[in-house]
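Structure first, then comments.
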Amino acid sequence: MRKPSFTTVMLILGLVFLYLPMLILVFYSFNASRLVTVWAGFSGRWYIELLRDQQILDAVWTSLRIAFFSASMAVCLGTLAAFVMVRFGRFRGKTALASMITAPLVMPEVITGLSLLLLFVHMAELIGWPGDRGMVTIWIAHTTFCSAYVAVVVSSRLREVDLSLEEAAMDLGAPPVKTFFQITLPVIAPALAAGWLLAFTLSLDDLVIASFVSGPGATTLPMVVFSSVRLGVSPKINALATLIILAVSLATFLAWYLMRRSEAKRRQAMQLAMQEA
Amino acid sequence: MSALTSQRLRRWLKPRRGWVIAVPLLWLTLFFLLPFGIVLKISLSEAAIAIPPYSAMVDFGAETLSLVVTFGNYLFLMSDSLYVSAYWGSLKIAFVSTLACLLIGYPMAYAMARAPAHWQLVLLLLVMLPSWTSFLIRVYAWMGILSNNGLINNTLLWLGLIDSPIRMMNTNFAVILGIVYAYLPFMVLPLYANLTRLDGSLLEAASDLGSRSINTFLRVTLPLSKGGIIAGSMLVFIPAVGEYVIPELLGGPDTLMIGKVLWEEFFNNRDWPVASSLAMVMLALLLIPIALFHRYQSRELKE
């Protein structure tokens with residue numbers, strides 16, 4: 001056997017570093033003891049306590065709704081922004097739009113959160129809206145930073161897509177809007193799905209921005225987790241972590257399976273075409 | 278584009294083009310750009326015991342228009358050593374964490390780019406998966422590992438290697454470890470994207486010409502992956518400077534980071550003007566890194 005190279009060893013160590021702490025969380029979520037660091041036998045009691053915790057369940061429902069609407073709006077806005085950036089050539093404000101797409105990717109969350117809160121306070125003074133901060137203000141905040149991520153994902157796909165399909169449709173007399181919906185959209189659909197899922201997880205995960213722009217009415221899951229974690233390690237949070245890791249792993253596995261299948265299909269079709277030729 | 282198509286597209290777009298551009302541009306201007314102007318405005322006003330807690334800058338009282346602008350908040354930041362050392366501490370911690378991410382992430386990305394094609398997607402998903410779970414919970418995982426009665430200390434005590442627990446929680450070390458752990462995928466992703474595009478024939482040519490592998494790496498691979506290094510480093514460095522959650526959960530009383538100070542000024546002291554000026558100074562410090570990131574990001578996208 002060949003000696004593994006330095007970079008391969010680093011890759012394996014890096015993956016162990018990434019996964020070991022999460023596996024430890026999963027392991028201790030089945031611990032019977034309240035003391036998280038002492039093993040006292042296998043038990044599922046923390047999962048039962050988690051499912052009985054009404055505050056956490058309410059927060060999950062709030063977070064899921066915000067994430068769903070934020071991701072959906074972010075896909076619309078982000079796709080539009082990507083389409084404008086890639087297909088519209090030069091226009092006034094293009095540099096500004098490009099900067100406003102890349103800056104939110106790195107902007108520290110405390111700055112984004114503070115600035116949006118101050119905007120909402122000013123708007124309430126000037127036009128009387130938003131009267132209460134809560135789900136709607138979080139939705140606006142999440143849509144804004146998520147649409148930047150969607151725009152990056154979709155625009156890289158739009159650049160790969162062959163323009164000739166769109167041209168052919170329009171040469172044959174299809175109106176541009178119809179071309180967009182019947183040709184462009186199906187071709188970039190995988191990127192839209194990826195962008196939506198990314199936006200959904202980003203929105204579900206956000207603590208800092210939501211803490212700034214939320215009001216007393218809307219408490220998201222990260223806020224509940226944070227206030228509990230601040231007090232120390234809690235086995236109920238371990239159980240929650242395990243469920244989140246499980247859900248994300250299943251979704252990722254499904255995505256991988258679908259991608260592999262479509263790749264295999266494409267290869268098969270190409271082989272068939274080669275044989276016929 | 279054929280003449281007919283582009284003519285039709287142009288004719289169709291002409292009256293509508295503006296509207297299509299306007300939607301994302303207006304949304305981002307209103308909810309991303311404009312808020313910075315408001316932060317600037319509040320940072321120049323005085324704190325007041327009111328709702329909202331700052332004094333109005335423009336006053337129409339007594340039939341005269343008075344405009345009150347104060348630089349007091351900025352002078353206050355400069356005079357108090359707490360804020361200066363918090364900025365310095367943030368920059369130092371973010372720099373060390375970014376360097377550590379690069380040293381771990383580069384070999385990982387390199388191995389991924391060199392892996393057989395059918396392995397690459399699996400490896401990419403494996404590296405990215407943790408970042409899709411929960412940031413908060415991944416930071417929390419380290420609390421159980423590093424604390425005085427945590428996994429590492431308990432194991433070492435049990436093995437008899439130490440007599441009393443080593444203090445790892447609530448230190449700058451824990452904060453740096455947390456940042457490296459949380460941000461590593463964001464370093465690997467752009468590096469991998471860059472290294473897969475690297476032309477293999479260049480490396481072959483170099484080795485054919487007798488260049489040793491380390492030499493090839495330093496002279497060919499490293500310079501060609503500059504874009505990925507800068508994009509990845511900025512994706513780690515910039516958010517790390519303003520990080521709040523990691524220093525709050527893993528840091529101690531001696532961990533001074535500006536994101537945490539800003540949060541406390543805002544939520545605990547309710548001093549909105551000082552919090553705003555803290556944000557403006559942070560933004561000014563990060564302007565060059567953000568511009569650098571923007572330049573390389575748009576270059577990557579154009580390729």
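Going down the list, the sequences are from chains E and D. First residue of the first sequence? That's 1 in the working numbering, and the numbers climb one at a time after it. First residue of the second sequence? That's 278 in the working numbering, and the numbers climb one at a time after it. Each residue gets a CB set at the ideal place from its N, CA and C atoms; glycine is no exception.
Counting the other Cβ atoms within 10 Å of the Cβ of asparagine 238(E) gives 16 or more, which makes it buried. Beyond the five residues adjoining it in sequence on each side, tryptophan 540(D) comes within less than 7 Å, by CB distance, of Tyr521 in the same chain, given in chain order. Using a 10 angstroms sphere on the CB of histidine 142(E), the tally of other CB atoms reaches 16 or more, which defines it as buried. Membership of threonine 220(E) in any alpha helix (DSSP H) is not indicated, and neither H nor E is assigned to it by DSSP. For alanine 103(E), the neighbours in chain D by C-beta distance under 8 Å run, in chain order, Phe309, Ile567 and His571.
Residue pairing for alanine 239(E): DSSP places it in no beta bridge.
Residue pairing by DSSP puts asparagine 31(E) in a beta bridge opposite Phe42(E).
Judged by DSSP secondary structure, glutamine 54(E) falls within the alpha helix (DSSP H) whose first and last residues are 54-87. For the stretch 17-30 of chain E, the beta-carbon criterion of a distance under 8 Å to any beta-carbon of chain D is satisfied by Phe17, Leu18, Tyr19, Pro21, Met22, Ile24, Leu25 and Tyr28. Note that the C-beta distance between valine 497(D) and glycine 382(D) is not below 8 Å.
Among the CB atoms of chain D, none fall inside 8 Å of the CB of threonine 184(E). Ranked by Cα distance from threonine 201(E), the options Arg266(E), Val248(E), Leu57(E) and Lys236(E) are led by Val248(E). Contact with chain D is absent for leucine 231(E), since none of that chain's Cβ atoms lies less than 8 Å from the residue's Cβ. By the C-beta density criterion, isoleucine 127(E) is exposed, having fewer than 16 other C-beta atoms within 10 angstroms.
Collapsing the DSSP output to three states places alanine 324(D) in a strand. The three-state reading of DSSP puts tyrosine 521(D) in coil, since its state is none of H, G, I, E or B.
An exposed status is given to histidine 395(D), since fewer than 16 other beta-carbon atoms sit within 10 Å of its beta-carbon. At a C-beta separation below 7 Å, valine 121(E) has these neighbours in chain D: Pro329. When rounded, the separation of the alpha-carbon atoms in leucine 499(D) and leucine 569(D) is 18 Å.
Between alanine 74(E) and the set Gln397(D), Ser322(D), Pro384(D) and Pro301(D), the nearest pair of CA atoms involves Pro301(D). Approximately 7 Å separates the beta-carbon atoms of alanine 81(E) and serine 147(E); this is inside 8 Å, confirming the contact.
Within chain D, no C-beta atom comes nearer than 9 Å to that of alanine 239(E); the closest sits roughly 11 Å away. Closest in C-alpha terms to leucine 560(D), from the list Ala98(E), Thr219(E) and Glu109(E), comes Glu109(E). For the pair methionine 10(E) and alanine 388(D), the Cα-to-Cα distance works out to about 8 Å. Note on the stretch 128-178 of chain E: whole alpha helix (DSSP H) runs with a minimum of 4 residues are 135-160 and 163-171, in chain order. Per DSSP, the unbroken alpha helix (DSSP H) holding leucine 406(D) starts and ends at 394-409. Residues of chain D whose Cβ lies closer than 7 Å to the Cβ of alanine 273(E) do not exist; the shortest such Cβ separation is about 21 Å.
Within the DSSP bridge table, the entry for tyrosine 331(D) names Ala324(D) as partners.
The stretch 243-260 of chain E makes no contact with the stretch 444-451 of chain D; the number of CB pairs closer than 8 Å stays below 3.
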